[in-house]
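Be aware that the sequence shown starts at 0, since it is given in numbering that gives the first Met the number 0, and climbs by one per residue. A virtual CB, placed ideally from N, CA and C, is assigned to each residue, including glycine.
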Amino acid sequence: MTTTECAEDGSAALRDCLAHWPSGVAVVTTVDGDGVRRGFTATAFSSLSARPPLVLVCLDRSADCHPAFDRAGAMAVHLLREDQAGLAERFATKGVDKYAGVASTPGLDRVPLLDGVLARMECELVDRFDGGDHVILVGLVRRSEVFSGRPLVYCGRAFRSLPAEESAGKSPV
0 MTTTECAEDG SAALRDCLAH WPSGVAVVTT VDGDGVRRGF TATAFSSLSA
50 RPPLVLVCLD RSADCHPAFD RAGAMAVHLL REDQAGLAER FATKGVDKYA
100 GVASTPGLDR VPLLDGVLAR MECELVDRFD GGDHVILVGL VRRSEVFSGR
150 PLVYCGRAFR SLPAEESAGK SPV
């Protein structure tokens, strides 16, 4: 066991602790007022409510796309497949053309829908909350689609795949 006392801001210790927690990987997209496609990679994503169908995602306020999401009326959340670590890295990198060579089609409010993902949700952005150095975006899911594949996971500061299922239909219990 390792115990770390938190410094005044506690950020490094918290990041070290959370590095042990596996998360799914999502790419979140929108379009700004000039019609420019924007997006970011998120591991801080969660369902929030079934009725109404709400999801939340956390966006770093220092992200290049923060102003676009601050004013957007809609977003799309894309859950990535295990073979899409490169896409996750691209949308996590500042100063690159995130959409170069990425197939997408316009969805709700012209928000880009990425092709070839595990699942995607088109959302109306219904609320935003302060989350320290992040903003918490709340989306009302208007449409969702599930495709085939296995999820991309982030844990230990690396992208990973889940172990293969031993046999389809076999209960783990």
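Between the beta-carbon of residue i and the beta-carbon of residue j, is there less than 8 Å?
{"i": "E144", "j": "A73", "result": "no"}
{"i": "V101", "j": "L113", "result": "yes"}
{"i": "F39", "j": "L58", "result": "yes"}
{"i": "V26", "j": "L136", "result": "no"}
Going straight from the alpha carbon of residue i to that of residue j, what length do you get?
{"i": "R80", "j": "L117", "result": "5 Å"}
{"i": "L151", "j": "V76", "result": "14 Å"}
{"i": "L139", "j": "T28", "result": "15 Å"}
{"i": "G106", "j": "D31", "result": "14 Å"}
{"i": "D104", "j": "D96", "result": "Contrary to the premise, residue 104 reads as Thr rather than Asp in this sequence. When rounded, the distance between both Cα atoms is 17 Å."}
{"i": "D33", "j": "R109", "result": "11 Å"}
{"i": "P51", "j": "A62", "result": "29 Å"}
{"i": "C16", "j": "G130", "result": "19 Å"}
{"i": "D82", "j": "E164", "result": "17 Å"}
{"i": "S147", "j": "G115", "result": "9 Å"}
{"i": "R127", "j": "R119", "result": "20 Å"}
{"i": "A49", "j": "A41", "result": "21 Å"}
Mapping DSSP to helix, strand and coil, what is residue i?
{"i": "D69", "result": "helix"}
{"i": "F90", "result": "helix"}
{"i": "D63", "result": "coil"}
{"i": "G100", "result": "coil"}
{"i": "G38", "result": "strand"}
{"i": "A10", "result": "Inspection of the sequence shows that residue 10 is occupied by Ser rather than by Ala. S10 falls in the helix class under three-state DSSP."}
{"i": "R156", "result": "coil"}
{"i": "A163", "result": "coil"}
{"i": "L151", "result": "strand"}
{"i": "L117", "result": "coil"}
{"i": "D126", "result": "strand"}
{"i": "R50", "result": "coil"}
Please check the pair residue i and residue j, which I expect to be a contact at CB under 8 Å, by giving their CB distance rounded to whole angstroms.
{"i": "A87", "j": "V24", "result": "5 Å"}
{"i": "R89", "j": "E121", "result": "Not confirmed; about 21 Å, so no contact."}
{"i": "C154", "j": "P66", "result": "At roughly 31 Å, the Cβ-Cβ gap does not stay under 8 Å, so C154 and P66 are not in contact."}
{"i": "R60", "j": "D132", "result": "6 Å"}
{"i": "A84", "j": "F158", "result": "4 Å"}
Is the closest heavy atom of the ligand MG to the C-beta of residue i under 7 Å?
{"i": "F90", "result": "The model depicted lacks the ligand MG and carries no ligand whatsoever."}
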